[in-house]
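Sequential numbering of the sequence shown, starting at 2, is according to our numbering. For each residue, glycine too, the CB sits at the ideal point set by N, CA and C. Treat the numbers as computed from the prediction; the structure is a model and nothing was measured. Report on the following structure.
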Amino acid sequence: MPLKLNPPIQFHPASSHSHRYRTPSQNYQNTLYHRMHNQLTFIRTLPSPFFNNLHRSNPNFIGRGNRSFRIPKPMLCSSLNSHSGGADDDSDGNNNANGTASFRNFKFNQSTFLASLMPKTEIGVDRFLHSYPHYDGRGALIAIFDSGVDPAAAGLQVTSDGKPKILDILDCTGSGDIDTSKVVKADPDGCISGASGASLAINTSWKNPSGEWHVGYKLVYELFTEKLTSRLKKERKKKWDEKNQEEIAKTVQQLNDFDQQHRKVEDAKLKKAREDLQNRLDLLRKQSESYEDKGPAVDAVVWYDGEVWRVALDTQSLEDDSDCGKLANFVPLTNYRTERKYGVFSKLDACTFVVNVYSDGNVLSIVTDSSPHGTHVAGIATAFHPEEPLLNGVAPGAQLISCKIGDSRLGSMETGTGLTRALIAAVEHKCDLINMSYGEPTFLPDYGRFVDLVNEVVNKHRLIFVSSAGNSGPALSTVGAPGGTSSSIIGIGAYVSPAMAAGAHCVVEPPSEGLEYTWSSRGPTADGDLGVSVSAPGGAIAPVPTWTLQRRMLMNGTSMSSPSACGGIALLISAMKAEGISVSPYGVRKALENTTVPIGNSPEDKLSTGQGLMQVDKCYEYIQQSQNIPNVWYKINISQSGKTSMFTFTPGHFAFSF
């Protein structure tokens with residue numbers, strides 16, 4: 002039974018959006034202000050203690066942010082442990098309090114360094130895949146609720162068994178929608194009038210039995226991210242300035258030549274001619290000061306070829322060469338899920354896009370990402386690099402669908418309508434998992450229309466929902482919604498291992514044991530829940546969109562720990578399906594929370610780490626041994642003194658509210 006769509010829906014009262022990730026520069030940032038919808042969200046962040054040891058003059062320092070990274074020479078680290086990616090289980094050493102083996106004087110080689118950039122050993126992925134190499138996510142389908150996934154990004158084309166990686170790409174926000182309800186017909190010369198007013202030549206080889214062409218247009222900057230728009234404006238301004246300076250120089254030369262030829266200007270015509278040259282020069286100089294780039298417009302044409310709806314774009318305004326980007330030269334696209342093809346606007350922007358047609362050709366959706374965040378998240382969960390397996394995501398055999406919930410018009414903020422559409426898409430595609438690395442604070446935990454729909458998706462349709470706990474630690478009760486405050490969602494905290502500290506962060510003296518990032522949000526929630534379910538590695542160097550002009554980027558946050566955990570669960574689902582074990586969100590959650598490795602030694606550490614660091618191999622052993630135990634979910638409503646208490650119970654999880 003499909004979910005009911007009931008827009009508009011507010012995600013949470015008095016909430017302000019945020020991605021659950023931190024760029025490297027933010028690790029050293031004490032205060033971050035974020036203004037959205039006239040609300041000022043104050044987020045206090047503190048650097049992890051070991052970041053104080055960062056040696057900025059280290060010759061092996063790895064470029065971060067928008068810089069590429071290189072493999073350094075072997076670097077001496079104080080210690081690394083087996084659950085932190087520093088060594089294998091069969092290495093010898095002394096066990097520490099967490100049951101992990103510590104090793105002194107460990108040196109990075111190429112393999113261990115690359116492994117630290119995409120951490121998987123920490124959660125037992127290497128051990129699991131060593132025992133079950135074919136259970137690498139094959140058969141598992143993940144819905145990525147995020148800012149959009151770039152189908153051209155590194156490692157996101159095919160799975161480990163050769164299947165398409167991305168099955169569908171959707172813009173659930175409507176930010177890329179174009180009204181194409183206007184219908185025109187071609188003139189005798191084979192041209193149509195575009196929605197922008199431009200005359201567009203139609204390719205005579207395109208099939209269109211009806212002869213009707215739906216037209217629309219959109220300013221391309223409305224489809225691009227702020228960073229990409231800024232880069233394009235700078236490059237376009239530079240080219241414009243060069244041409245403008247050429248015209249200024251030419252006009253100055255003409256004015257000088259005029260003065261040389263006419264020493265005395267008494268004739269009225271000559272006076273007017275010189276005045277025109279001077280006015281032209283003044284205008285050229287003045288227009289440089291008042292320059293404003295609204296962005297080029299892209300004409301879109303939609304038609305039905307007798308089988309599917311086709312789309313073509315005219316992008317001449319984006320090209321320097323007038324012969325490039327013509328409508329007739331465009332290779333027509335159709336809905337992404339049908340042919341899984343994408344386009345690129347121009348070489349200058351390098352921005353990929355896909356299309357989807359709705360309402361019998363009257364609405365065209367051009368899907369672009371609203372930030373690199375979603376692609377990075379997808380890469381952590383499922384990227385497949387046959388040429389460099391150590392950079393694979395956690396579940397390289399898994400497939401995914403991209404549900405863009407970050408609205409480009411709102412700075413990539415999610416909306417209730419977009420979230421609802423994404424849930425519907427996940428159910429219609431029969432996904433096994435949902436990863437949502439989005440969230441914000443809330444006054445009312447486990448409450449709201451979206452939470453009700455999530456409960457339906459999990460309890461009725463049996464999807465496993467994984468989400469970030471938040472980056473607002475180390476204060477208590479800072480877990481965000483929905484990941485840390487919703488009973489049906491598995492909330493993930495962010496863990497950092499010694500290998501990650503040394504490799505990704507270039508810490509000269511990393512901690513002797515793994516620990517939770519200090520900015521990872523903590524419980525408990527207002528209704529008494531722990532808040533964080535389990536923890537997973539909260540940082541990685543993973544793929545980013547092609548428009549960033551780089552292949553990978555380092556990001557940190559619970560946005561990164563969530564897809565790491567989600568990928569680990571995809572491995573479990575792959576194994577369970579192959580072995581004929583029934584997949585239950587309750588059974589998987591129970592297994593996750595009962596097979597963790599504790600992080601820290603004090604009881605209150607669980608408020609940060611949840612039950613501990615998840616272990617995929619141990620979790621699967623638990624599932625195998627407990628597969629015949631029934632999984633039960635139920636609610637208990639108790640009325641007392643005019644008040645009603647509601648108790649919700651799932652295996653390994655209990656919460657109540659009044």
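Residue nearest to Lys636 in terms of C-alpha spacing, selected from Val253, Asn456, Tyr518, Leu572: Asn456
In this structure, does DSSP put Pro538 in helix, strand or coil? strand
Exposure label - Phe444; buried when at least 16 CB within 10 Å: exposed
Would Gly407 and Gly149 be called neighbours here (beta carbons separated by less than 8 Å)? yes
Sort Ser413, Ala141, Gly492 by Cα distance to Asp447 and report the nearest one. Gly492
Could you check if Ser640 is buried or exposed, using at least 16 other CB atoms within 10 Å of its CB as the buried criterion? exposed
Alpha-carbon spacing of Asn257 relative to Lys295, whole angstroms: 35 Å
Going straight from the alpha carbon of Gln660 to that of Asn629, what length do you get? Residue 660 cannot be examined here, being either before or after the span of the chain that is shown, 2 to 659.
Just tell me which of Val467, Asp300, Pro397 has its CA closest to the CA of Ala313. Asp300
Extent of the continuous alpha helix (DSSP H) to which Lys270 belongs: 269-290
Along the beta strand (DSSP E) that carries Arg553, what are the first and last residues, could you check? 553-557
Between the stretch 274-291 and the stretch 342-349, can you find at least three pairs of beta-carbon atoms closer than 8 Å? no
On a Cα-Cα basis, can you pick out the residue from Thr549, Ser585, Thr416, Pro564 that is closest to Pro460? In the sequence as presented, Pro is not what sits at residue 460; that position holds Asn. Ranking the options by Cα distance to Asn460, first place goes to Ser585.
When the Cα atoms are used, what is the spatial distance from Ala427 to Trp310? 23 Å
Within 10 angstroms of the Cβ of Leu392, are there 16 or more other Cβ atoms? Answer buried if so, exposed if not. buried
Does the stretch 123-130 come into contact with the stretch 517-530, if we say contact requires no fewer than three beta-carbon pairs (one atom in each stretch) closer than 8 Å? no
Evaluate contact between the stretch 376-388 and the stretch 157-168, counting only Cβ atoms and requiring at least three cross-stretch pairs below 8 Å. yes
Put Phe146 into one of helix, strand or coil per three-state DSSP. strand
Smallest Cα separation from Val395: which of Ser112, Met119, Pro297? Met119
C-beta contact flag for Thr369 and Ala470 at 8 Å: no
What is the DSSP secondary structure of Asn330, counted as helix, strand or coil? helix
Element boundaries [beta strand (DSSP E), containing Arg338]: Looking at the DSSP string, Arg338 is not in any beta strand (DSSP E); the run it does join, the alpha helix (DSSP H), is 337-340.
Ignoring anything shorter than 3 residues or poking outside the stretch 419-500, list the beta strand (DSSP E) runs there in chain order. 434-437, 465-469, 490-497
Please say whether Lys607 and Gly140 have beta carbons closer to each other than 8 Å? no
Under 6 Å Cβ to Cβ from Pro475, same chain only, skipping five residues before and after it: list those, please. Thr519
With H, G and I counted as helix, E and B as strand and the rest as coil, what does DSSP make of Glu622? helix
Residue range of the unbroken alpha helix (DSSP H) whose run includes Phe346: Phe346 -> no alpha helix (DSSP H), and no H or E assigned at all.
State whether the stretch 414-424 contacts the stretch 562-582, with contact taken as three or more CB pairs (one from each stretch) at a distance under 8 Å. no
For the beta strand (DSSP E) that contains Tyr359, what are its first and last residues? 353-359
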